[in-house]
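In our numbering, the protein residues as written are 1399 to 1767.
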C-alpha cells in the first residue's frame, strides 16, 4: 500500500501538530515496513526532528517547476494533485485538518485535532476563523474517514462542522518515545537554573491555557514550592507578569521560553507535580507526557483532559482557584493518594502506546482501500 501524507506540519511545526505528524509517520514507517510513505511538503530541510530521508520506505516530495514560484498554500490545495497521481498513491491522508481542493479519486483520510476556533472564536482573527472553517468543512465533506484524536474532538466535529458521525474514527495520539525512557536530570544543573522544588506547567502562555488561575493558586500552596512555566510568549504573558508584580509573588513563578524539546523529559521528571489548568484541549498531550515520565498530574476536569489522564490523574474545576490549589496540595502532600494514582498509570498509558496508535491508523487505511 502507498500512503501519501500532507506532511507540511511534520517539517515545519515543532509543537502539537508537528509532533503528531512526525510520530505517526515514523511509527507507521517502522512498524509497517511493507507500505510506502510519500511525504508531501512545501519545503524540506533536514534536522534531527524530521529527517525521514534515511527511512527506505519514505519518499519526500516538494513542489517542482512553476510551483516553486507560487505560494505553497496553492500547491498544497490545488497543484499537488499531479504529483500525488505520479506516485500511484493508494490513500491520501491530511494530517492537520486539510485535504486538497482539487479532486483526488483515491480514498482520503483527514485528522481533525480540534475545532477550538469555533468553540473559542475570541482567540482567533475573523480571517483565520473563516479560513479554518472553510478548509475543515471541505476536508470533512470529501474524506472517506475523519480521524479525531479524542472523543471530545469527534463530538465537536459533529457539532461545529456538521461532520457525518459514520465517517468518524477516534484514534488517539501518543507522545514522543523520549518520554517513555527514564531520563537523567543533568540538564537541570546546566544552562538553566531551576528551583529545588517546583510545580511544572508546559504550554503556550495564552488565555485558553488559563495560567492566571494557576498563578492565583500559588499563595494557597506551601511556599517551599515554586511554579515553573515553559511555553511560548503571547500578549497574555504580560497580564500574568503584571499580576505577579502586583501581588508580590514574582519570586515564586519562573517563566521560561525556548527550552529544547529534548530537555522536556528531564524537566518533567524533576518536577514534584505537573498541573494543566487549560479551559479546553482537543487532546492535551502534556498530560500524557507527564504520565509517561511518571510525574503526578492534576488537570482540568473538562474537555479531553479526563479522557487522556483517566484514573491516573486528579482533576479540578479550572475556574475555581481554591479547587486547583486543593488538588495540587494533594499531589504534594498525600503520598497515599499519589500511590493510588500511580497504580492506574500503566493501564492508562497502554491506550496511547505508539504500537496501538500505529495499528489503529493502519487498520483504518485497510478498511477503505
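Beta carbons are placed, not taken as given, at the ideal position from N, Cα and C, and that holds for glycine.
- CA-CA distance, residue 1597 to residue 1557, rounds to 36 Å.
- Exposure of residue 1523 is indicated by the presence of fewer than 16 other C-beta atoms within 10 angstroms of its C-beta.
- According to the DSSP secondary-structure assignment, residue 1654 is paired through a beta bridge with 1628.
- Here DSSP, grouped into helix, strand and coil, assigns residue 1674 to strand.
- For residue 1468, the secondary structure class from DSSP, reduced to helix, strand or coil, is coil.
- In the three-state scheme derived from DSSP, where H, G and I count as helix and E and B as strand, residue 1506 is classed as strand.
- Within the same chain, and ignoring the five residues on either side of residue 1711 in sequence, the residues whose Cβ sits closer than 6 Å to its Cβ are 1695, 1697.
- Following the DSSP letters along the chain, one finds residue 1566 inside the beta strand (DSSP E) bounded by residues 1566–1568.
- Counting C-beta atoms within 10 angstroms of its own C-beta, residue 1491 has 16 or more neighbours from the protein chains shown and is therefore classed as buried.
- With contacts defined as CB atoms closer than 8 Å, residue 1526 and residue 1515 qualify as a contacting pair.
- In the three-state DSSP reduction, residue 1695 falls in the strand class (E or B).
- Listed in chain order, the non-local C-beta contacts of residue 1757 below 8 Å within the same chain comprise 1429, local neighbours out to five positions each way being set aside.
- Pairing residue 1543 with residue 1487 gives a Cβ-Cβ distance that is not under 8 Å.
- At the C-beta level, residue 1451 and residue 1548 stay beyond 8 Å of one another.
- In chain order, 1413, 1629, 1630, 1632 place their CB closer than 8 Å to the CB of residue 1602, counting only its own chain and leaving out the 5 sequence neighbours on each side.
- Contact annotation: residue 1681 and residue 1700 have beta-carbon atoms that are not nearer than 8 Å.
- Remark: C-beta atoms of residue 1707 and residue 1689 approach each other more closely than 8 Å.
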